[in-house]
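S.K.: There's a structure below that I have some questions on.
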Amino acid sequence: MKIHQRLNLLLLPGYLWVTGCGSSNAGPGDTKKEPEAIVYIKTEKIIAKPFAETIRLTGTVESVDNIIVPAEEGGRILRWLATKGATVQRGQAIAQIDDAAYRSAYDAAQAAYQMAEVNYQKQKSAFAEQAISELQLKNLEFQRDAAKAQADLAKQRLDKTTVTSPVNGVLNEQFADAGEMAAPGMPIAQIIDMTNLKVMVGVPERYARDVQPNLVVEFTVDAFLGETFRGKIGFVGAAVNPDNRTIPVELFLTNPGGKLKPQMIASIAMKLAAIEKAILIQRDFVQQVDAGRLVVYVHKDGIAEERAVRIGGMSRDFVHILSGLQEGDEVITVGYQNLTPQQAVRIQP
Numbered sequence: 002m003k004i005h006q007r008l009n010l011l012l013l014p015g016y017l018w019v020t021g022c023g024s025s026n027a028g029p030g031d032t033k034k035e036p037e038a039i040v041y042i043k044t045e046k047i048i049a050k051p052f053a054e055t056i057r058l059t060g061t062v063e064s065v066d067n068i069i070v071p072a073e074e075g076g077r078i079l080r081w082l083a084t085k086g087a088t089v090q091r092g093q094a095i096a097q098i099d100d101a102a103y104r105s106a107y108d109a110a111q112a113a114y115q116m117a118e119v120n121y122q123k124q125k126s127a128f129a130e131q132a133i134s135e136l137q138l139k140n141l142e143f144q145r146d147a148a149k150a151q152a153d154l155a156k157q158r159l160d161k162t163t164v165t166s167p168v169n170g171v172l173n174e175q176f177a178d179a180g181e182m183a184a185p186g187m188p189i190a191q192i193i194d195m196t197n198l199k200v201m202v203g204v205p206e207r208y209a210r211d212v213q214p215n216l217v218v219e220f221t222v223d224a225f226l227g228e229t230f231r232g233k234i235g236f237v238g239a240a241v242n243p244d245n246r247t248i249p250v251e252l253f254l255t256n257p258g259g260k261l262k263p264q265m266i267a268s269i270a271m272k273l274a275a276i277e278k279a280i281l282i283q284r285d286f287v288q289q290v291d292a293g294r295l296v297v298y299v300h301k302d303g304i305a306e307e308r309a310v311r312i313g314g315m316s317r318d319f320v321h322i323l324s325g326l327q328e329g330d331e332v333i334t335v336g337y338q339n340l341t342p343q344q345a346v347r348i349q350p
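So in this note's numbering, the last one in the sequence shown is 350, and the numbering has no gaps at all.
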């Protein structure tokens, strides 16, 4: 007899064995009959009901802005202007790189520009008196403009020796100490925005049409058991991840009080659109056979019919049947554990 595995562990036998009565000293010509197995069952007729599916997923809390701040100019870090863990504002100075060489370069470029400006203005008067040609004046103008560009560039480089925060957030990491050399482009700090967070989660591809932007989703974290947080779907991936067949989804939320932290694990309960008429049965009645095939036994005209089913979401003890059953079918609810297809059954009195 084929052995079926239930989705749950509990197995309840529903067999009654009936044997024929005969003499214990039957003659040699008598044929001994095997006991006939009669399976007594109970059934329940399927009635379609409204169903709001909730899928349970696991995601990760992330910061919307998690910025690695580089040193834009090279040099020795003279000092940190904000301590690790401090809240900083966009544009606030957080570190100072030695600017002596940059300041000297700026002073020289600024002086050259001022000299070029004075010379241009002087020769401009001479041009008005026709003492120089227009070409000579244009040449002086170009020299003045080039000197100004050099002075502006030197000022920009000087300003970049003061490292500033690009966003509002928390100075979470200092990757170099005061006194260390920083090369251009070298990461020296991490700024995390703790106000605006997102939860990143992969949603199974079969729910692709149900996951839409602006859907409000609830989740919990272990650090605050009993407290429910809410986020709104702001991003739905355009492609399925081939490794796990999920669609990347991001929930966005504010974080008043800073309770949530990046990298926390979120237990998500995503409620999908309600179905007006759904086929629901207890999950116990679904059995797994033949390497993953799911079946349910249905009573029809005294016979146990094996129906292959495809399941959707679950709600407590019930599972949504997507195909294989229909309203009015009599699902065998007692005695189904060891049935075989087309086996004769009787309804328990």
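Glycine included, C-beta positions come from ideal geometry on N, C-alpha and C.
Taking S324 as part of the beta strand (DSSP E), name the residues at either end of that continuous run.
M.R.: Position 323 of the sequence shown holds residue 324. Segment 319-324, the beta strand (DSSP E) holding S324.
S.K.: If we count the other Cβ atoms within 10 Å of its Cβ and call it buried at 16 or more, is Q213 buried or exposed?
M.R.: Here residue 213 is taken as the residue at index 212 of the sequence shown, counted from 1. With fewer than 16 Cβ atoms within 10 Å of its Cβ, Q213 is classed as exposed.
S.K.: Going residue by residue through the stretch 122-206, where are the continuous beta strand (DSSP E) segments of at least 3 residues, counting only ones entirely within it?
M.R.: The qualifying runs are 163-165, 170-175, 188-193, 197-205.
S.K.: What does DSSP give as the partner residues of T255 in its beta bridges?
M.R.: Taking the first residue of the sequence shown as 1, we reach residue 255 at position 254. Its beta-bridge partners are N197.
S.K.: Given a threshold of 16 other Cβ atoms within 10 Å of its Cβ, counted over all protein chains shown, does F286 qualify as buried or as exposed?
M.R.: Position 285 of the sequence shown holds residue 286. Buried: at least 16 other Cβ atoms inside 10 Å.
S.K.: Can you give me the C-alpha to C-alpha distance between V320 and T55, rounded to a whole angstrom?
M.R.: Here the question's residue 320 lines up with position 319 in the sequence shown. Here the question's residue 55 lines up with position 54 in the sequence shown. Near 11 Å, if we compare the C-alpha coordinates of T55 and V320.
S.K.: Let's test the definition: count the other Cβ atoms within 10 Å of the Cβ of F52 and tell me whether it reaches 16, buried, or not, exposed.
M.R.: The residue you call residue 52 lines up with position 51 of the sequence shown. F52 comes out buried.
S.K.: Of the residues A190, A152, Q97, which one's Cα is nearest the Cα of A112?
M.R.: Against the sequence shown, residue 112 aligns to sequence position 111. Comparing Cα positions, the closest option is A152.
S.K.: Could you pull out every residue in the same chain whose Cβ sits closer than 6 Å to the Cβ of G170, ignoring the five residues on either side in sequence?
M.R.: Along the sequence shown, read from residue 1 onward, the residue named residue 170 stands at position 169. Excluding positions up to five away in sequence, the list reads I192, I193, D194.
S.K.: Given this structure, state the Cα-to-Cα distance separating A87 from D146, to the nearest angstrom.
M.R.: For the purposes of this step, residue 87 is taken as residue 86 along the sequence shown, with counting starting at 1. For the purposes of this step, residue 146 is taken as residue 145 along the sequence shown, with counting starting at 1. Going from the Cα of A87 to the Cα of D146 covers about 43 Å.
S.K.: Using a Cβ-Cβ cutoff of less than 6 Å, which residues in the same chain neighbour Q349 once the five nearest sequence positions on both sides are dropped?
M.R.: Translated into positions along the sequence shown, residue 349 becomes position 348. Closer than 6 Å at the Cβ level, and outside the excluded window around Q349, lie Y41, K43.
S.K.: Can you name, in chain order, every residue of its own chain whose Cβ lies under 6 Å from the Cβ of Q343, other than the five neighbours on each side?
M.R.: Translated into positions along the sequence shown, residue 343 becomes position 342. Answer for Q343: I304, listed in chain order.
S.K.: Out of E251, A101, N242, point me to the one whose CA is closest to N215's CA.
M.R.: For the purposes of this step, residue 215 is identified with residue 214 of the sequence shown, where counting begins at 1. The option with the nearest alpha carbon to N215 is E251.
S.K.: Can you tell me which of the three DSSP states V346 falls into?
M.R.: Here the question's residue 346 lines up with position 345 in the sequence shown. V346 falls in the strand class under three-state DSSP.
S.K.: If you reduce the DSSP assignment to three classes, tell me which class A106 lands in.
M.R.: On the sequence shown, residue 106 is found 105 positions in, with the first residue counted as 1. Residue state, collapsed to three classes: helix.
S.K.: Count Cβ pairs between the stretch 260-269 and the stretch 57-68 that sit closer than 8 Å; are there 3 or more?
M.R.: The stretch 260-269 is in contact with the stretch 57-68.
S.K.: Okay, do the stretch 69-84 and the stretch 306-315 touch, 3+ Cβ pairs below 8 Å being the bar?
M.R.: Touching, no.
S.K.: Should D223 be counted as a contact of the ligand GTP given a C-beta to heavy atom distance under 6 Å?
M.R.: Among the ligands in the structure shown, none appear at all, so the ligand GTP cannot be discussed.
S.K.: Helix, strand or coil: how does DSSP classify A72 here?
M.R.: As a working mapping, residue 72 is identified with position 71 in the sequence shown. Correct three-state label for A72: coil.
S.K.: With DSSP run on the structure shown, which of helix, strand or coil describes R284?
M.R.: Counting from one through the sequence shown, the residue named residue 284 turns up at place 283. The answer is helix: DSSP assigns R284 an H, G or I state.
S.K.: So the candidates are R210, I95, K149, S324; which of them puts its Cα closest to the Cα of Y114?
M.R.: Residue 114 sits at position 113 when you count from the first residue of the sequence shown. Among R210, I95, K149, S324, the Cα nearest to that of Y114 belongs to K149.
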